[in-house]
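Asker: Residue numbers (my numbering), protein chains in the order written: chain A, 1 to 151; chain B, 152 to 302.
Okay, handing you the structure first.
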DNA sequence: TCAATAATTGTATATTTTTGCATGTTTTTT
DNA sequence: AAAAAACATGCAAAAATATACAATTATTGA
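Here you go:
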């Protein structure tokens, strides 16, 4: 099912970008984005994504991705945890990251991407990933998913 | 009142030692430790302590001290991946990070540092951390170490 | 393809957490 | 020391979140 993974992606992006204080609130935003679901489903989505209600520095509630935005160096495998979503436009991949981490993660992708990655450009929370010609979306997705890890 | 801070302390200890999945459960443990309070009070205590309900790797709920996103404890060893070093010059702290991660980590410090941190400036792999006047090196070190963590 | 199996979702409901309010207690101010 | 202000707490109610169950939709394998 396509709907679901797209929705999960969107949820991750929203949560990492704006302050969301309750599921109802997030539900509203998702509705504005064109998704139709109930709070029950959202609750399950959040559980799958390990997004939990935390407290920000002012003591207000805020939903947050619980995985630290870091590289997991265990076992020689490099795994990037800070990336929130990946989507293609044409043959260009756009990765959204936790704010501030784009350039760091982009560097990792350059490092690890090998032949398949022609280059990357990073803003603050967005990375443009340009694959080398001849590599399919599927291949790039697989490569990056591997770096990122799955949900 | 002495009772309260002692209780908060105990809560922190319990939560960091054993798996607590709900406030009721924690309440039971606290009662066994000789404290007498209601779930309502406990809820407020947890809020003060910024202890929130998160999801562990198996998908079960677990209360946790808000965790610094800086480190990865793979294989029992504590490994600081984002931040490499911390040193003072005068009352200014300089943190070295993995290339590209400085601004991301600086943002975390701003987020989590509370009153003690006046501000941060990030380059590519270096963060300047300016403590608020009145905070000692030791305090800042403790704070940042805590953020960086010894999980 | 079709039946069997698994996954996803909504509804209704249960569970859990948060909070308004009243009250008692401690601390501060005068 | 009395009054005022600030803080802590329980109770009850509200709000938020999670889940059992049943229906629906997708997926798998012969």
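Ideal placement from N, C-alpha and C gives every residue a C-beta, glycine not left out.
Note that this is a predicted model, so its numbers are computed, not measured.
Within 8 angstroms of any Cβ in chain B, is that where the Cβ of residue 44(A) sits?
Answerer: Position 44 of the first chain, counting from 1, holds the residue named residue 44(A). It does not; no Cβ of chain B falls within 8 angstroms.
Asker: Taking the Cβ atom as the reference point for each residue, do residue 13(A) and residue 85(A) lie within a distance shorter than 8 angstroms?
Answerer: Here residue 13(A) corresponds to residue number 13 of the first chain, with the count starting at 1. Here residue 85(A) corresponds to residue number 85 of the first chain, with the count starting at 1. Contact: yes.
Asker: Tell me which residues share the same chain as residue 199(B) and place their Cβ nearer than 8 angstroms to its Cβ, disregarding the 5 neighbours each side in the sequence.
Answerer: Here residue 199(B) refers to the residue found at position 48 when the second chain is read from its first residue. So the list reads 159, once near-sequence residues are dropped.
Asker: According to a CB-to-CB cut-off of less than 8 angstroms, which residues of the stretch 27-60 of chain A neighbour chain B?
Answerer: Result list: 47, 50, 52, 53, 54, 55, 56, 57, 59.
Asker: Can you list, in chain order, the residues of the stretch 89-113 of chain A whose Cβ is nearer than 9 angstroms to any Cβ on chain B?
Answerer: Here the close residues are 97, 98, 99, 100, 101, 102, 103, 104, 105, 106, 107, 108.
Asker: Report the option in 15(A), 45(A), 40(A) whose CA atom is closest to the CA atom of residue 5(A).
Answerer: Against the first chain, residue 5(A) aligns to sequence position 5. Residue 45(A) is the option with its Cα nearest to residue 5(A).
Asker: Nearest to residue 207(B) by alpha carbon, out of 51(A), 138(A), 93(A)?
Answerer: Locating residue 207(B) in the second chain gives position 56, where the first residue counts as 1. Among 51(A), 138(A), 93(A), the Cα nearest to that of residue 207(B) is on 51(A).
Asker: Considering Cα atoms alone, identify which of 181(B), 184(B), 174(B), 180(B) is closest to residue 318(B).
Answerer: Because chain B here runs from 152 to 302, residue 318(B) falls outside it and cannot be looked at.
Asker: Bridge partners for residue 292(B) per DSSP, in chain order?
Answerer: Numbered from 1 along the second chain, position 141 holds the residue referred to as residue 292(B). Its beta-bridge partners do not exist; DSSP assigns none.
Asker: In three-state terms, what does DSSP make of residue 119(A)?
Answerer: The residue given as residue 119(A) occupies position 119 in the first chain. Residue 119(A) falls in the strand class under three-state DSSP.
Asker: Quick one: grab the DSSP three-state call for residue 307(B).
Answerer: Since the first residue of chain B shown is 152 and the last is 302, residue 307(B) is not available in this structure.
Asker: How is residue 224(B) classed by DSSP in three states: helix, strand or coil?
Answerer: Counted from its first residue, the second chain places residue 224(B) at position 73. Here the model assigns residue 224(B) a pLDDT of 30, short of 50, so the residue's position is not dependable and the matter cannot be decided.
Asker: Under the DSSP definition of a beta bridge, which residues are partnered with residue 238(B)?
Answerer: If you number the second chain from 1, residue 238(B) lands on position 87. 245(B).
Asker: Helix, strand or coil for residue 174(B), going by three-state DSSP, please let me know.
Answerer: Indexing the second chain from 1 puts residue 174(B) at position 23. If DSSP states are grouped into helix, strand and coil, residue 174(B) belongs with the helices.
Asker: Quick check: what's the CA-CA separation for residue 42(A) versus residue 287(B)?
Answerer: Locating residue 42(A) in the first chain gives position 42, counting from the first residue. Locating residue 287(B) in the second chain gives position 136, counting from the first residue. Looking at the two C-alpha atoms, the distance is approximately 45 angstroms.
Asker: Are there 16 or more other CB atoms within 10 angstroms of the CB of residue 20(A), so buried, or fewer, so exposed?
Answerer: The sequence position of residue 20(A) within the first chain is 20, counting from 1. So residue 20(A) counts as buried.
Asker: With residue 215(B) as the anchor, note down where its beta strand (DSSP E) starts and where it stops.
Answerer: Here residue 215(B) is taken as the residue at index 64 of the second chain, counted from 1. First-last of the beta strand (DSSP E) with residue 215(B): 212-216.
Asker: Going by DSSP in three states, residue 198(B) sits in which element: helix, strand or coil?
Answerer: Position 47 of the second chain, counted from the start, is the residue given in the question as residue 198(B). Reduced to three states, the DSSP call for residue 198(B) is helix.
Asker: Which residue comes first and which comes last in the beta strand (DSSP E) that contains residue 279(B)?
Answerer: Position 128 of the second chain, counted from the start, is the residue given in the question as residue 279(B). Start and end: 277-282.
Asker: Between 141(A), 30(A), 31(A), which has its C-alpha nearest residue 91(A)'s C-alpha?
Answerer: Numbered from its first residue, the first chain carries residue 91(A) at position 91. Comparing Cα positions, the closest option is 141(A).
Asker: Contact check, residue 294(B) vs residue 257(B) under 8 angstroms by CB: the rounded distance?
Answerer: As a working mapping, residue 294(B) is identified with position 143 in the second chain. As a working mapping, residue 257(B) is identified with position 106 in the second chain. That belief does not hold up - the Cβ atoms of residue 294(B) and residue 257(B) are roughly 14 angstroms apart, past 8 angstroms.
Asker: Work out the CA separation of residue 205(B) and residue 213(B) for me, nearest whole Å.
Answerer: In the second chain, residue 213(B) corresponds to position 62, counting from 1. In the second chain, residue 205(B) corresponds to position 54, counting from 1. Those two C-alpha atoms are separated by around 5 angstroms.
Asker: Pairing CB atoms from the stretch 91-103 of chain A with CB atoms from the stretch 114-134 of chain A, are three or more of them under 8 angstroms?
Answerer: Short answer: they touch.
Asker: Give the straight-line distance between the Cα atoms of residue 252(B) and residue 275(B), rounded to the nearest whole angstrom.
Answerer: As a working note, residue 252(B) is residue 101 in the second chain. As a working note, residue 275(B) is residue 124 in the second chain. Approximately 7 angstroms between the Cα atoms of the pair.
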